[in-house]
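What follows is a short report on a single structure.
Numbering (mature numbering (1 follows the signal peptide of the UniProt record, and there is no 0)), first residue to last: -20 to -1, 1 to 277.
In structure tokens, the structure reads:
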């Protein structure tokens, strides 16, 4: 995200220490959402997310940093802070602790089917697993995440202790890898005991092809663990012409009685912001839609 909101340099108090950089970045969105299953079918939705990032580079070239997030998603009438994430990074290796990212949530291609100003899709994974949390925890959760990148290859692993105060806690481990070569990207991820749920095993495999500068197609497979939707496979694609991107997806579940889910959306570049909308049909055949503006700063 572009870090143009705030950028300050704090001079170190000790001789020889590196200068620290504190920046703020974020995203915002607002618009109308429609859900035919809701008591009030059409509502106004908004979200503001601010990330506070701090880092400094030591004399030996190692970067140390951290992040905390402030968010208001308009659903509870109040804003909230995330727990902190701290990291160290050098020579293509990054290690995070605290409110760490997870390997499975960070894998490439997983969220590519998303459309609309809310950036959602029934082609997303339907199972439960941990990710960086925008809000607080009810228990003493902590994680560690490691990533290595080299020449188009990204390798990731994470371990989330679901409750440090519980000696019998069920903890999540996940691994992921993705590789881009030419116009092709391949990705895969696996989570053991996803979201700290015993017996919840999540698998993702994805492939995408950039046809040219304006068109992309992809295919994602999700084994959603204990989710009632079982295994899903999603075909998606997008095409850009004259600043308008048209995107869509079709997703099928192996669960008996589940409908084929699909969605179609469009987005228009406003020169710093995006006007976007989408229509979806769920695995139960229910319709939803959104139309609004999203921005990054």
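Every residue, glycine too, gets a C-beta built ideally from N, C-alpha and C.
Whose C-beta lies closer than 8 Å to the C-beta of residue i among residues of the same chain, with five residues either side of it excluded?
i, result
"residue 195", "217, 218, 219, 220"
"residue 259", "243, 244, 245, 267, 268, 269"
Keeping to the same chain, check which residues put their C-beta closer than 7 Å to that of residue i; ignore five residues upstream and five downstream.
i, result
"residue 48", "32, 61, 62, 64"
"residue 15", "21, 268"
"residue 13", "23, 25, 98, 270"
"residue 96", "245, 256, 257, 258, 270"
"residue 41", "70"
"residue 101", "93, 94, 95, 229, 243"
"residue 235", "208, 209, 210"
"residue 120", "143, 144, 145"
Between residue i and residue j, which are expected to be in contact by the criterion C-beta below 8 Å, what is the C-beta distance as a whole number of angstroms?
i, j, result
"residue 212", "residue 232", "7 Å"
"residue 249", "residue 223", "4 Å"
"residue 183", "residue 170", "5 Å"
"residue 140", "residue 110", "5 Å"
"residue 142", "residue 176", "3 Å"
"residue 158", "residue 215", "Contact doesn't hold; Cβ gap of about 19 Å is too wide."
"residue 155", "residue 227", "In fact, because the Cβ distance is near 29 Å, the residues do not count as touching under 8 Å."
"residue 199", "residue 187", "5 Å"
DSSP has residue i in a bridge; who is on the other side?
i, result
"residue 22", "14"
"residue 258", "245, 270"
"residue 98", "BP columns for residue 98 are empty, so no partner."
"residue 286", "With the chain running from -20 to 277 in the structure shown, residue 286 is simply not present."
"residue 52", "28"
"residue 46", "34, 66"
"residue 91", "Partner(s): none; residue 91 has no beta bridge."
"residue 204", "According to DSSP, residue 204 bridges with nothing at all."
Identify, in the order they occur along the chain, each residue of the same chain with its Cβ nearer than 6 Å to the Cβ of residue i, setting aside the five sequence neighbours on each side.
i, result
"residue 201", "185, 213"
"residue 8", "28, 275"
"residue 225", "218, 247"
"residue 125", "76, 80, 81, 138"
Could you have a look at residue i and say whether DSSP puts it in helix, strand or coil?
i, result
"residue 80", "coil"
"residue 86", "helix"
"residue 226", "strand"
"residue 263", "coil"
"residue 191", "coil"
"residue 62", "coil"
"residue 104", "coil"
"residue 250", "coil"
"residue 209", "coil"
"residue 39", "coil"
"residue 71", "coil"
"residue 235", "coil"
"residue 7", "strand"
"residue -6", "Residue confidence is low: residue -6 scores 37 on pLDDT, short of 50, so the model does not pin down where it sits. Its coordinate-derived value is still stated next. Correct three-state label for residue -6: coil."
Write down every uninterrupted run of the beta strand (DSSP E) in the stretch 109 to 187 whose length is 3 residues or greater and which is fully enclosed by it, in chain order. 122 to 130, 133 to 141, 152 to 161, 164 to 172
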